[in-house]
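Residue numbers (this note's numbering): 18 to 295. Every residue gets a Cβ at the ideal spot worked out from N, C-alpha and C, and that includes glycine.
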Amino acid sequence: MTVEAFDARKQEILAFAVDKSPKGSIDEPVRPLLDVVNKCKDLVTTSSCSGRVAIYVDADPSTLEKVKKGGIWLSVSHDPLLIEDSTRLWSSLFPTHPEPTSIEFCPATPSLSDPIIYFKFEPFILHVLTRSSEAAAELLTVALQAGYANSGIQRSIVQIRGTLKLDVPIGTYRRGQVELCVGREYVEFLCRLANDKFIENFAKMGKFQEMVVKELVDRPVVTEEFVETREQRMERKKRQGLLKASKMKEEREKLKREQRVEDEIDSTEVLGDNAVII
């Protein structure tokens, strides 16, 4: 991508202010980090997620929807869950399936022929368009040092992603009915575990933001080392020689002037001693 093309694309992305993630808008917890990354002249963020907990239903294995459309998100939260209030917690996890009318607890082994319900925690993820391969490599290095081991580069895009993750099957989804194969206590345990991961996730984001500022935004400007050619060295030596010769000439002229003054003083003194009085 040319310099002009990247600058135009960056300006377009920042002016549009719409994230390319499925949500379509920027999560507030990640906004300060995006602002820092976008201060770098060679980088611009394209999509992001600050981290989320979700209840996800896989596609029906008996259809091709798994390939064409994927599954269903029953709920998604980009903030820690309110585990103190059990009623609000369950209504936030299954907003379209208020218990107990459409949630069943079935201890029996679920059928693999039904779509599986997963309790998920997915960590912070960020995609950054870069001006050059050098800029991409610099950003990737910072991301890896910050602990984002799942990061990588694809063409001119750097994907930054951590390893914090939960992907736990908790039941099945049959004809719109939620059937959980685990108990209420276990689901609430997963919620507490997800909240702990939120804390770790946000702390790592903060560390990454500090490293971006230090390594990419506020780094000192390193000038290219000047390598003197043979001709430039000869010219420099010539100038130094001329300057030295000029100074030596000035010193000799100064000594000559001082010597003439001394000679004139001595001549005057001699004439004074031999003067004849008439």
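Return yes when the Cβ of residue j is within less than 8 angstroms of the Cβ of residue i, no when it is not.
{"i": "Val61", "j": "Asn55", "result": "yes"}
{"i": "Leu51", "j": "Phe225", "result": "no"}
{"i": "Ile134", "j": "Cys208", "result": "no"}
{"i": "Cys198", "j": "Pro127", "result": "yes"}
{"i": "Val74", "j": "Tyr190", "result": "yes"}
{"i": "Met228", "j": "Val145", "result": "no"}
{"i": "Ser64", "j": "His95", "result": "no"}
{"i": "Leu181", "j": "Cys57", "result": "no"}
{"i": "Phe136", "j": "Leu183", "result": "yes"}
{"i": "Leu110", "j": "Ser92", "result": "yes"}
{"i": "Lys221", "j": "Gly169", "result": "no"}
Reducing DSSP to helix, strand and coil, say where residue i ends up.
{"i": "Leu8", "result": "For residue 8 there is no data in the structure shown, the boundaries of the chain being 18 and 295."}
{"i": "Ile294", "result": "Interpretation of Ile294 is limited by its pLDDT of 42, a score under 50 that renders its predicted location unreliable; no figure is taken from the coordinates."}
{"i": "Cys57", "result": "coil"}
{"i": "Ile177", "result": "strand"}
{"i": "Phe111", "result": "coil"}
{"i": "Gly169", "result": "strand"}
{"i": "Cys208", "result": "helix"}
{"i": "Phe122", "result": "strand"}
{"i": "Leu98", "result": "coil"}
Taking the C-alpha atoms as reference points, what is the distance between residue i and residue j?
{"i": "Arg250", "j": "Glu268", "result": "27 angstroms"}
{"i": "Trp90", "j": "Phe122", "result": "20 angstroms"}
{"i": "Lys214", "j": "Phe138", "result": "8 angstroms"}
{"i": "Val230", "j": "Val53", "result": "7 angstroms"}
{"i": "Met265", "j": "Gly258", "result": "10 angstroms"}
{"i": "Ala211", "j": "Ile43", "result": "21 angstroms"}
{"i": "Pro124", "j": "Ala76", "result": "22 angstroms"}
{"i": "Glu70", "j": "Val185", "result": "This sequence places Val at residue 70; Glu is not what is there. Whole-angstrom Cα-Cα distance: 12 angstroms."}
{"i": "Leu129", "j": "Arg201", "result": "22 angstroms"}
{"i": "Ile30", "j": "Glu196", "result": "43 angstroms"}
{"i": "Asp24", "j": "Arg148", "result": "8 angstroms"}
{"i": "Pro132", "j": "Thr113", "result": "17 angstroms"}
{"i": "Ile72", "j": "Ser103", "result": "16 angstroms"}
Identify the residues that DSSP records as bridge partners of residue i: which are they?
{"i": "Tyr73", "result": "Trp90, Tyr135"}
{"i": "Phe190", "result": "A quick correction: the sequence has Tyr, not Phe, at residue 190. DSSP lists Val195 as partners of Tyr190."}
{"i": "Phe147", "result": "Position check: residue 147 holds Thr in this sequence, whereas Phe was assumed. DSSP lists Leu60 as partners of Thr147."}
{"i": "Ile142", "result": "Cys66, Arg178"}
{"i": "Val185", "result": "Phe136"}
Practice prompt. Decide yes or no for the touch test of the region 172-188 against the region 145-157: beta carbon pairs closer than 8 angstroms, at least 3 of them.
Written response: Yes, since at least three Cβ pairs between the region 172-188 and the region 145-157 fall closer than 8 angstroms, the two stretches touch.
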